[in-house]
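Down below is the structure, laid out as structure tokens.
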Amino acid sequence: MALTKIIGSGIGTVADNVVITSDDPTITMTDSSGTNDIATLQSTSGALIITVRDGTSDGEIIFKGDTGSAVTEHSRIANTGLMTVISEGNAVQTSVQQGLAKAFQSANAAAVLEDSHNIASGTDNGTGDYTFAFTNNMNNDNFSAVGTVAQDNGEHYVIKARAVGSYTVRTEDGDDGTSSSDRKNSTTVHGDLA
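So the mapping is simple: the numbering used here equals the position in the sequence shown, first residue as 1, plus 303.
Rendered as structure tokens:
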């Protein structure tokens, strides 16, 4: 392995660039206090791998910005793999996993999936009544599901039932709440995966 100074007059100055040449170049940073805190940066097969250890546990990766007068945390990957980012107003950290849709589907009037994520199948239970099964189950049946029906005559979409492995919806007539004709429909699901 070779360590080459490209520009500047010494390692550690702002003007310097450092190049490490190797098959899988790795920079290892070790805490000199003897606590076994280690971080490595490795370039291999076109990927940058960051590894962090906190004693005998996984460490956290924290991204910060420095304006010269203040250091601000922008995002963090916890040792559990959960990632948080700073909110738009810079006031709180928002969990990336919590904010992502865990499933969505767009299905035709016979519950045949036209596009989907984490939806394994659709079932036509009868007029305006559909069940959609998850590919990966939800953690519980308290997830949030919001849907639409492709019709402009006062029909609406009702989440009829929720289970960890599926949910059932119904397209209803806006006047009397009875099941309407089969309609193209879509749903987005938020919550925790199992």
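A virtual CB, placed ideally from N, CA and C, is assigned to each residue, including glycine. From a predicted model like this one, the values you see are computed outputs, not experimental measurements.
query                                                                                                                  : result
C-alpha distance - aspartate 427 paired with alanine 412, whole-angstrom precision                                     : 8 Å
Per DSSP, cross-strand counterpart(s) of asparagine 488                                                                : Ala410 and Val452
Whether histidine 377 touches valine 388 by CB criterion (8 Å)                                                         : yes
Three-way DSSP call (helix, strand, coil) for glycine 371 in this model                                                : coil
Per-residue burial, threonine 438 [other beta carbons within 10 Å of its own, 16 or more giving buried]                : exposed
Option in Ile365, Thr370, Ser390 and Ala373 with minimal Cα separation from isoleucine 380                             : Ile365
Option in Ser489, Gly392 and Asp327 with minimal Cα separation from glycine 349                                        : Asp327
Beta-carbon proximity list for threonine 491, same chain, < 6 Å, skipping 5 on both sides                              : Ala404, Phe407 and Val449
Beta-carbon spacing of threonine 329, isoleucine 341 below 8 Å                                                         : no
CB contact flag (alanine 436, glycine 384, <8 Å)                                                                       : no
Exposure label - glycine 402; buried when at least 16 CB within 10 Å                                                   : exposed
Valine 355, enclosing alpha helix (DSSP H) - first and last residue                                                    : Valine 355 -> not in any alpha helix (DSSP H); beta strand (DSSP E) instead, spanning 350-357.
Spatial neighbours of alanine 497 in its chain, beta-carbon cut-off 8 Å, leaving aside the 5 residues before and after : Asn439, Asn440, Met441, Asn442 and Val467
Helix, strand or coil at glycine 425 [DSSP, three-state]                                                               : strand
Residue(s) in a DSSP beta bridge with phenylalanine 437                                                                : Ile422
Whether aspartate 361 touches asparagine 382 by CB criterion (8 Å)                                                     : yes
Valine 388 (DSSP reduced to helix, strand or coil)                                                                     : strand
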